[in-house]
Structure formats: structure tokens, C-alpha cells
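K.L.:
Could you have a look at this structure, given as C-alpha cells, before my questions?
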Amino acid sequence: MERIIFHIDVNSAFLSWEAAYRMHVLGEKQDLRKIASAVGGDIKKRHGIILAKSIPAKKSGVRTGDTIADALKCCPGLVTVPPHYDLYERCSNAFIEILREFSPCVEQYSIDEAYCDMTGTELLFGAPLTAAYKLKDKIRDELGFTVNVGISSNKLLAKMAGDFKKPDLVHTLFPYEIEKKMWPLPVGDLLFVGHSTKHKLYNLGIYTIGDLAKTDLNILRAYFGKIGNVLYSFANGIDVSTVAAEAPPIKGYGNSSVIPFDVDRADVARMILLSLAETVCTRLRADSVIANVVAISIVDFAFHHSSHQLTLFAPTNITNEIHKAACQLLDELWDGRTPIRNLGIHTSKIVPATSVRQLNLFDTNNYEHLLAMDNTIDKIRDRYGRDSVMRAVFINNPIYHMSGGISIDKRKPDYGGGIIE
């Protein structure tokens, strides 16, 4: 039996969720999706980045990741609204619940997209196209926002199909349709072909996905190594991965934050790392485990990614120790000037907290005192809420003490009413 895989992607997710909530819950008349609008940043202060934009804004040249200042140059009449992360999480959960009504095998790929294995569901929902329209329309009618559904026999082609013309549409891309529908597309449209890879392919005279599909595999291997195999397979529509309904085992604990402003000061970056460390270490302690390795990741204003890690002298789940290590890594990795858009902390080589801690004669920290303090804070927050206790440095500070420094007014709508694998 041929597999039937759906890829479902929310159209302009953050903006669609804002629009749906404002219209259907708050009773607003203006639909943000139909005007030049965007989610992200502070238009009055002209800082921050665009997290999502409407189709009219896109037609005016606004791009996701643009600074507010650059977006306004392209579209002076742009309407922006701040992000409300709690709202988006609720919308995402409702979206996934509807998908589970259609398939027992749902893999959430990100906050706004997922895969469904629809193999064998024809008797319940009809042929693939019929089922896709039922699913798409149910989400639109019940939740108030639209999705695109891509249909194929594997995840790669389903996702490529889902990225065809938007919004609120269903597309197919089966293997027999590749030559007509996928091969004429720019090579940069192929899944996992980033900016750097795209230009390397250009240097080889490869400009379309079809060009890549017809390139000698040995040439791709010589130029890209093992990645050449992946590029060749994807260009030819080959993908053997399955829809993974179960999350893989946890290999580490981490958290990262898309920051709604450019961070170009070390003290602010360290404050955000402290907020991340609080969240990560709370989870480590809750699971009675400690970490041997700490890593940080940085995404700068040009979306360049960098990361660095170190092995601790002794494994720990103490917030101060994880934060100290993260700050050391920050000093080694960052030049102190390039604006940061995203910061993350990740811990790995996890062992049970019952493991004996190795003594360090040069360590003047009172380990037992710090651990007792963290455990006491955890108990108070468990009982009275995580805002019941916070470090003095976060009082009257726009950087929130949990959730990666995203302040409370940024996370919750002003409406009146990861674990990293």
C-alpha cells in the first residue's frame, strides 16, 4: 500500500493567530491578514524584528527577519502588533488536536506545522484530496485561521507541496509529478538548501531543482561530501523517513529565546542567559538529574549561527553554576558588538543527581548552600507560581526572569480578559 502523508502548515501563523483572536474573540473588525501588517518589534521605538507578515506586506517587500526599520522603508504604512506567545501556544495546541482527529500518527514539526500519516484512512475520510479539504476546512471553520495541506507519499514531497501557492489551499506532489511541479523551481526552494549551499550550487551551474536532480552524484559527493547524497536524493524526491508520532528520547535539556530586540550589550546578554539558565535548571532539578556539559548558541542579526560548549569540572543542576559557564562561553564566542537575535543554553551528558560530586579545592562556592537555595525556590514556585520568587536583578526589569527573558507583557496578550533534542 502506498503511503499517504499530509504536511499541514499554518499560513503566516503568528499573524493569523493574532487576527483570528482579535476578530473572533475581541470583536475587532479589521483583519490583519488582509492589510499590510506584521507581528514583531515595537514600531514606536523602531526596533525588533519581523516574526510574521501578511501577504500584502510580503508583496510590499517585507520579509520575515527584517528589522522594523527596514520593514518600514519597504512599507511605510505597515501595521505591527507585538507577539503574544501564550496565545500562539494555545492556538498551536488546538491545531494539533484537530489533526489527531484525522490521524493516530501526528508528528509536530514546529509550532505551526505538522505531518500526518493518513495511510489507511480512506474509509474514514475519503480519498486523500477529499480528506485534505475536510481537514483544512475544519481548521478554518472551527479555529478561524487557514492552513495549506501538502499531499504525497513521503514527508519531503508533502512539505514541498505544502509550500506551493498559499493561502488556504491543498496541493499534491507525488513522484510522478516531480518533473512538472518541482524540478522547474529554484534550487534554493529545496528543503534544507540554505543560503550558503545555494550559492555553492550556483558555482556548479546548478540553478533549479531539476539541474540538481540530473547532476552526477559523484560530482556532488566530491563537492559536498555526505551532504551531496542528501541533496541528490531530495532533488529526486527520495525520502525514507517516517512520521514519528513519539518524541525521541531526551538527550539533553535546553531552552532558547527569539529576542524581540537586538542585543548588543554584554550585560543584557548575560541577563537573558540567566533567565534561560533558571528555566533549564528548574527542569533538571525537577527530573533529579545533573549535566556534565553546557553549550550556548547564538543567532546574530544576519542570521549567522554559532555555538560553543564546555565540560564542567563537576556535573551540576545549580542555576548559578550553569549561568557562570554560559557567560564564560558567551565571552569566548561573541565579539560584544554584533547584534544578537537569538540566545540558547543547552545541557548534555545527563546523569542522575545521586552521582557523587567531585570536590574541587579551588572552588570557593558553597555547593550545598546553592543547591538548598535552588530547591527552596523550586518548592515556593511550585506552590505559589513561578512569579512568586525572583532574583532582585529582574525586579522592574523588562527582561523576564523565566522563559528566556521574554517579558510578561510580551508573552501574554494585553486583552484584559525546549527541551532541545
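In terms of our numbering, the sequence shown opens at residue 552 and continues consecutively. Note that beta-carbon positions come from the ideal geometry of N, C-alpha and C, so glycine has one too. Just so it is clear, the structure is predicted and the values come from calculations on it, not from any experiment.
#1: Can you check whether the C-beta of Asn-806 is within less than 8 Å of a C-beta belonging to chain D?
#2: Counting only the same chain and skipping the five closest in sequence on each side, list residues whose C-beta sits under 8 Å from that of Thr-723.
#3: Go ahead and pull the three-state DSSP assignment for Glu-553.
#4: Grab me the residues of Glu-664's own chain with a C-beta within less than 6 Å of its C-beta, minus the 5 sequence neighbours each way, in chain order.
#5: Could you check what DSSP says for Lys-751 in three-state terms: helix, strand or coil?
#6: How far does the alpha helix (DSSP H) with Lys-732 in it extend, from its first residue to its last?
#7: With a CB to CB cut of under 7 Å and the five nearest residues on each side skipped, what residues in its chain are close to Glu-553?
#8: Examine the ligand MG and report whether any of its heavy atoms sits within less than 7 Å of the Cβ of Trp-568.
#9: Here's the rule: buried if 16 or more other CB atoms are within 10 angstroms of the residue's CB, otherwise exposed. What is Ser-848?
#10: Give me the Cα-Cα distance between Val-632 and Pro-866, rounded to the nearest whole angstrom.
#11: Residue range of the beta strand (DSSP E) that Glu-664 falls in?
#12: Roughly how many angstroms lie between the CA atoms of Asp-984 and Val-814, to the nearest whole one?
#13: CA-CA distance, Ala-786 and Asp-762?
#14: Between which residues of its own chain and Arg-888 is the CB-CB distance below 8 Å, once the five residues before and five after are set aside?
#15: Provide the residue span of the beta strand (DSSP E) that contains Asn-893, from first to last.
#16: Straight-line CA distance for Ser-939 to Val-840?
#17: Do the segment 641-659 and the segment 574-584 meet, that is, are 3 or more Cβ pairs less than 8 Å apart?
#18: Hey, would you say Asp-719 sits closer than 8 Å to Lys-687, going by beta carbons?
#19: Starting from Pro-500 and walking both ways along the alpha helix (DSSP H), at which residues does that stretch end?
#20: Roughly how far, in whole angstroms, is the beta-carbon of Phe-565 from the beta-carbon of Ala-603, given that I think they are within contact range, below 8 Å?
#21: With distances taken between CB atoms, is the gap from Arg-614 to Ile-606 smaller than 8 Å?
#22: Contact check, Ile-896 vs Ala-795 under 8 Å by CB: the rounded distance?
#23: What residue range does the beta strand (DSSP E) around His-856 cover?
#24: If you follow the alpha helix (DSSP H) that Tyr-684 is part of, which residue opens it and which one closes it?
#25: Would you check if the distance between the CB atom of Lys-900 and the CB atom of Ala-837 is smaller than 8 Å?
#26: Kindly identify the DSSP beta-bridge partner or partners of Pro-737.
#27: Which value, in whole angstroms, describes the spacing of the CA atoms of Ile-770 and Asp-882?
#28: Given this structure, state the Cα-to-Cα distance separating Val-819 from Leu-835, to the nearest angstrom.
P.N.:
Here's the rundown:
#1: Reference to chain D is not applicable here, since this structure consists of a single protein chain.
#2: Translated into positions along the sequence shown, residue 723 becomes position 172. If we look at Thr-723 and ignore the five residues flanking it on each side, its Cβ neighbours are Pro-679, Leu-680, Gly-701, Ile-702, Ser-703, Ala-712.
#3: Counting from one through the sequence shown, the residue named residue 553 turns up at place 2. Glu-553: coil per DSSP, three-state reduction.
#4: On the sequence shown, residue 664 is found 113 positions in, with the first residue counted as 1. Correct list, in chain order: Asp-560.
#5: For the purposes of this step, residue 751 is identified with residue 200 of the sequence shown, where counting begins at 1. Three-state result, Lys-751: helix.
#6: If you number the sequence shown from 1, residue 732 lands on position 181. It spans 729-732 - the alpha helix (DSSP H) in which Lys-732 sits, taken as one unbroken run.
#7: As a first step, residue 553 is located in the sequence shown; it is residue number 2 there, counting from the start. So the qualifying residues of the chain are Ser-704.
#8: Looking at this structure, you won't find the ligand MG or any other ligand, since it has none at all.
#9: What you label residue 848 is simply residue 297 of the sequence shown in a count that begins at 1. So Ser-848 ends up on the buried side.
#10: Locating residue 632 in the sequence shown gives position 81, where the first residue counts as 1. Locating residue 866 in the sequence shown gives position 315, where the first residue counts as 1. C-alpha separation (whole angstroms): 43 Å.
#11: Position 113 of the sequence shown, counted from the first residue, corresponds to residue 664. It spans 664-668 - the beta strand (DSSP E) in which Glu-664 sits, taken as one unbroken run.
#12: Outside the displayed range of the chain (552 to 972) lies residue 984, so it cannot be described from this structure.
#13: By one-based count along the sequence shown, residue 786 stands at place 235. By one-based count along the sequence shown, residue 762 stands at place 211. Between Ala-786 and Asp-762, the C-alpha separation is close to 9 Å.
#14: As a working mapping, residue 888 is identified with position 337 in the sequence shown. Closer than 8 Å at Cβ, skipping near neighbours: Asp-815.
#15: By 1-based counting over the sequence shown, the position of residue 893 is 342. Asn-893 -> beta strand (DSSP E) spans 891-903.
#16: Within the sequence shown, residue 939 is the residue found at index 388, counting from 1. Within the sequence shown, residue 840 is the residue found at index 289, counting from 1. Answer to the nearest angstrom: the Cα atoms are 24 Å apart.
#17: no
#18: Counting from one through the sequence shown, the residue named residue 719 turns up at place 168. Counting from one through the sequence shown, the residue named residue 687 turns up at place 136. Yes, Cβ-Cβ distance for Asp-719 and Lys-687 is below 8 Å.
#19: Summary: the structure shown does not reach residue 500, with the chain confined to residues 552 through 972, and so no result is reported for it.
#20: The residue labelled residue 565 in the question sits at position 14 within the sequence shown. The residue labelled residue 603 in the question sits at position 52 within the sequence shown. Going by Cβ atoms, the distance from Phe-565 to Ala-603 rounds to 4 Å, so yes, they are a contact pair.
#21: Working through the sequence shown from its first residue, we reach residue 614 at position 63. Working through the sequence shown from its first residue, we reach residue 606 at position 55. No; because the gap between Cβ atoms is not below 8 Å, this pair is not in contact.
#22: Translated into the one-based positions of the sequence shown, residue 896 becomes position 345. Translated into the one-based positions of the sequence shown, residue 795 becomes position 244. Wrong, their Cβ atoms sit about 25 Å apart, outside the cutoff.
#23: For the purposes of this step, residue 856 is identified with residue 305 of the sequence shown, where counting begins at 1. It spans 856-867 - the beta strand (DSSP E) in which His-856 sits, taken as one unbroken run.
#24: Taking the sequence shown and counting its residues from 1, the one referred to as residue 684 is at position 133. 679-694 is the span of the alpha helix (DSSP H), which, as asked, contains Tyr-684.
#25: As a position in the sequence shown, residue 900 is number 349, starting the count at 1. As a position in the sequence shown, residue 837 is number 286, starting the count at 1. No, the Cβ-Cβ distance between Lys-900 and Ala-837 is not below 8 Å.
#26: Indexing the sequence shown from 1 puts residue 737 at position 186. According to DSSP, which records beta bridges pairwise, Pro-737 is partnered with Thr-759.
#27: As a first step, residue 770 must be located in the sequence shown, where it is residue number 219. As a first step, residue 882 must be located in the sequence shown, where it is residue number 331. Cα to Cα, the separation comes out at about 40 Å.
#28: To locate residue 819, count along the sequence shown from 1; it is residue 268. To locate residue 835, count along the sequence shown from 1; it is residue 284. Cα-Cα distance, rounded: 24 Å.
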